[in-house]
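What follows is one structure encoded as structure tokens, with my remarks underneath.
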Amino acid sequence: RHAFRLDPRSLSQQYRLADGDIQVVEASGWTTPRIDFRVVPVTPRVAELRQRVDLSLIAAPVHPDTTQSNRAPLPATPVLRYDVTVRNPSGLPLGAKLALAPLPDSAVVFVADSAVMRYAQLGDAAIPVPDRPGQDVRVLAWAAGAGRVGDSATATLQLGPTALAVRAVIHNPLRPAAKSAWVATTLARVPAADSMVPGAELELALEPTPAGWPDVGYGLSAGWRLVAGSVQLGHAPAPDPVTTQDGAGRWLRWHFAGAATAPITLRLAAGRAAAADTSHVTVPAARTAAAREEERNGALLRGPGIEIFSPVDGTVLPGDHVYIGVKGEANAPVQLYDGATLLNSVQMRVDGVYDFIAVPLARGPHHLRVAMKNSWGAERWDSIAVHVTGVPAKFQVKPSLVSLVADGRSVAQVDVRVLDEWGIPVVQPAYVTVRAQGAEPVGRDADASSVGMQFLSSTSGELTVALLPGREVGPGVLELKSGELTDTVPLQLLPEVRGLTVAGSGLVGVGASPDAYGAITARGRIDSRTSLTLGVDSRRLNDGQNVFGRAVDPLDESQYPILGDASRQQTRTASRNWVSARLERGYDWATFGDLSTTDFAKSLTLARYQRSVTGLAARVTTGAMTWSGFGSFTSQSLRQLQIRGAGISGPYELGADVQPGTEQLRIETRALDNPERIVATQAVTRFVDYQIDYERGVVLFKQAIPATDARGNPLFIVVTFEALSGGAQKLVAGGRATLDVRQLATGLRVDSLRVGITAVNAAQDVHNFRLVGGDVNVLRVGAFKAGAEVAYADKGDSAGFGGSVKAGYTLFGGALTAGGTYTRLGRGFTNPSNVALQPGTSDLSLRGGLKLGNTELRAEHSHQEFQVQGVDRQRSRVGLVQTLAGNFEMDAGVTNDQVSGALAGASGSSEATAAEFKTKWGPTPRLQLWTEARRHLSLAGPALFPDVWGVGAGYKLTEL
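According to my numbering, numbering within the sequence shown proceeds without interruption in unit steps and concludes at 1190.
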């Protein structure tokens, strides 16, 4: 007994096996059995090809106008005027004629507003409609004696055996009558897509063959695509077919199991819509269809040939183990090559087919070739080009700059395509982690178990990212990551520009009437890019009139909170004064009212200056220069406090001179060995994280502020606020200019290079404060980042310079990192808005890391010098961090500490070398366990830290 199998993939797609693909026969080893596999056609007959025709009619009685040149003069009696439009979106010939009732006397035919035919006398003849692909045909006709007609008129379009009729009410020209229909064409098959009007649609009626039922297959030529959801079996909706590549076209395949044979109707689209279909990824074929046909015809002169039937020439393969199907002459020797490399030598089976199973191919492009020496002694060849998809290596993003409206509700879409290192779309679906600054990715998370929003690319490497913008105007960033591949896309969040709305009210009193007032509110666009927000109210009746920014507690009893209200409040501009205004144009803006200079030079360390005052601020861009500044006349003074956490929620004393609404609180964790170094910062929000009593000057937090964290680092409450004063108002002003060098110097291999100058002047009763600084920053995303800053501060009898340099470098996709910072402040340098900058200090910090898989080698060195206190400190550490499965991390290292000066005791210096070991484990998202140990290896002088060991645990009870 012998079993013979016919691979269904070796058949033309126009046929299928009538029975199974395996036949078992009884045969001896001396005879060659005859095996018959019966195939049946699955391609249906094209019963009808239809195109859509739109017909509209307006009929109205008018008086004749003999001055018009587009019609023949008629007697001066009322006439009936027809206005008929024939639209043929597909552009195929119609051969149509138009009949009107009542019969017209004359007519003019227009195409694209140009008269192409005039009929001065029609009689009872129909009007021929010219065939103009993609253009509307308009017919104007007139019938004399309108008073004798009835209430309606009819237009009938004769399309061979089909008639499309529409009836319109004569005395209502504002409601034209319209009708659309799919009418049969004279074509026997679908025409070439490039001969059609772009975007044209055709309706195709197919008559399946009874022998092939319930399997039906139909081939579409290049440029055509199926309109999704348009398939009908009989008159009932049917599922869309399975679509596969068939050369340059598509092959549609249905399997109507359990259904009776019935006509199939579907719609096809061509032109630009079809060109946009990128669902199938291919590479340039090794041979053209004409060359393959010529090779097949060569069998008459050179004997039987050989052909690779799977995969198709130009296919992009998702895996690196490939099936290769070859058909040729039975029992002939065959060699398979990848380029010039021989992969395998076999002998063709008796059925003339050989299956190369799981052929290993490296990722990338391949030129597969097969050679066969036929029975004529001739060597025949065939070759195909394939591409084994690689890992994600590049993101192709459209558009390259994404613009969003900062309204908090509109959604913008970004089209992303994942490419491999050869620039071919990755056909193996890949997870892409999406993050954004200034916007929020929305949609279904493809992998909820992973951190961040995950999107899964399609089999064509495509994915669409929907972004919900925030409400802050300015630049943003879209971050994409897939495996080791990372990329950023710039976002620009523009101000919302809506129609201008102005509302006002007023009351005029006579004499000394206290009720006289005036109020006006305006918001909306002045032009397409400029918006204005204006508020004027002489009464100042709103809550919070004495609070900076008119801030109010949303949960106060006077605010009448609504249960379940999820609305978001937004303050465009506010003022304790009777007027506030804001003008926006793109990124540029100008505002008057209560303003906080939080964004003024916020990227700087030495020259950052934060105030909360009532005044004027603006930001203007002129080419490569960006100018920003603020100014105010105020009697307020800037204060900053540092309060050590006491393990309680409060109250903590601030003082009774706090200007309501100006305080800014944050919780800072400082390094145990250097209190000037910030380990972590947590900003807190008024009314949410704490309550404040301005009259008593105390603050109460919603949770306790510990004195130290789990590692012994101290916690401080840092408060910056404006203090009330009864003195004269003085000028506080600042300005900054930034130059984008990349706009002036082309060819720079950096993503950002900016140079800035900052100046601040604050007039005070005793000594004026002046601050001048310069800075430069350079960035290359994913590789290098550096910045330098120098500043000079002058406050009466104290003046000095300060400088800061920082740099970071990344190699091998983040495997190797190195960086450092250096800051030096003169004895006379001070900045009242940042008390962490202590005069007479210098700080050097160097760090580096090498990551190999889950293991990372870290090295750190720091050196601090405190001139005022007479203390010098150095610290060096080398450690190894190992991350294991289950969120378990181990950190082992050796640390060397050196201290000289007052902190080192009577000896004047101390040096200690210690071994450290730490573990951290998070068995659940809420439960954290950790251990740590420290033991001295050597000690010279007083001990800086004791030998310790300990364990700890933490459990998160609430998400707040």
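Note that CB positions come from ideal geometry on N, CA and C, so glycine has one too.
These numbers were taken from a predicted model, which means no experiment stands behind them.
With a threshold of 16 other CB atoms inside 10 Å of the CB of His617, please say whether the residue is buried or exposed. buried
For the alpha helix (DSSP H) holding Leu530, just list the boundary residues, first then last. Ala529 to Arg532
Using only alpha-carbon positions, find the residue among Asp543, Ala423, Arg812 and Leu482 that is nearest to Ala500. Ala423
Might you give, ordered along the chain, the residues of its own chain that have their beta carbon closer than 6 Å to the beta carbon of Leu954, omitting 5 neighbours on each side? Asp887 and Gln889
Please classify Ala519: does DSSP put it in a helix, a strand, or coil? helix
Check the C-beta distance from Leu498 over to Leu432 and give it rounded, since I have them as a contact under 8 Å. 5 Å
Within the region 972-1005, ranges of the beta strand (DSSP E) (whole runs, at least 3 residues): 982-992
If you drop the 5 nearest sequence neighbours on each side, which residues of the same chain put their C-beta closer than 8 Å to that of Val996? Gly1026
Among the residues of its own chain, which have a CB less than 6 Å from the CB of Leu813, if the five just before and after it don't count? Leu762 and Ala820
Give me whichever residues DSSP pairs with Ser761 in a beta bridge. Arg755 and Glu814
Considering only the alpha carbon of each residue, which of Thr1149, Ala562 and Val446 lies closest to Trp1179? Thr1149
To the nearest angstrom, report how far apart Ile750 and Val727 are at their CA atoms. 20 Å
Hey, out of Asn574, Gly488, Ile536 and Arg526, whose CA is closest to Ala560's CA? Ile536
The beta strand (DSSP E) that contains Gln1128, what's its start and end? Phe1118 to Gly1131
Which one or two residues does DSSP pair with Arg1054 in a beta bridge? Gly1033 and Ser1072
Out of curiosity, what's the CA-to-CA distance linking Gly377 and Ala289? Its pLDDT being 49, under 50, Gly377 is placed unreliably by the model, and the measurement read from it follows with that caveat. Roughly 13 Å separates the two Cα atoms.
Boundaries (first-last residue) of the beta strand (DSSP E) holding Thr273: That residue, Thr273, is in no beta strand (DSSP E); it is neither H nor E in DSSP.
Secondary structure of Ala356, DSSP reduced to three states: coil
Which one or two residues does DSSP pair with Met855 in a beta bridge? Thr852 and Leu969
Coarse secondary structure for Gly734, derived from DSSP in three states: strand
Expected contact under 8 Å - CB spacing of Ala1045 and Lys1081 to nearest Å: 5 Å
Need the endpoints of the beta strand (DSSP E) that Asn574 sits in, please. Thr571 to Gln577
What do you get for Gly453, buried or exposed, if any count of 16 or more other CB atoms within 10 angstroms of its CB means buried? buried
Whole angstroms are fine: how far does the CA of Asn776 sit from the CA of Leu1001? 30 Å
According to DSSP, is Phe1014 helix, strand or coil? strand
Rank Asp829, Leu846, Gly845 and Val269 by C-alpha distance to the C-alpha of Arg838 and give the top, closest one. Asp829
Based on the DSSP secondary-structure assignment, which residues constitute the bridge partners of Arg869? Phe951
CA-CA distance, Gly1003 and Arg769? 42 Å
What number of angstroms, rounded off, separates the C-alpha of Arg218 from the C-alpha of Ala411? Look at the range of the chain in this structure, 231 to 1190, and you will see that residue 218 is not part of it.
With distances taken between CB atoms, is the gap from Asp1073 to Leu834 smaller than 8 Å? no
Assuming Asp1127 and Ala1142 are in contact, meaning their beta carbons sit under 8 Å apart, how far apart are those beta carbons, in whole angstroms? 5 Å
Can you check DSSP and say which residues form a bridge with Val399? Ser382
Flag this pair as yes or no: are the beta carbons of Ile759 and Gly704 separated by less than 8 Å? At residue 759 the sequence reads Arg, which differs from the Ile that was named. Their beta carbons are not under 8 Å apart, which means Arg759 does not touch Gly704 by this criterion.
Given a threshold of 16 other Cβ atoms within 10 Å of its Cβ, counted over all protein chains shown, does Arg268 qualify as buried or as exposed? exposed
Nearest-angstrom Cβ-Cβ length linking Pro319 and Arg282, presumed shorter than 8 Å: 6 Å
Hey, is the region 971-981 in contact with the region 940-960, meaning 3+ C-beta pairs nearer than 8 Å? no
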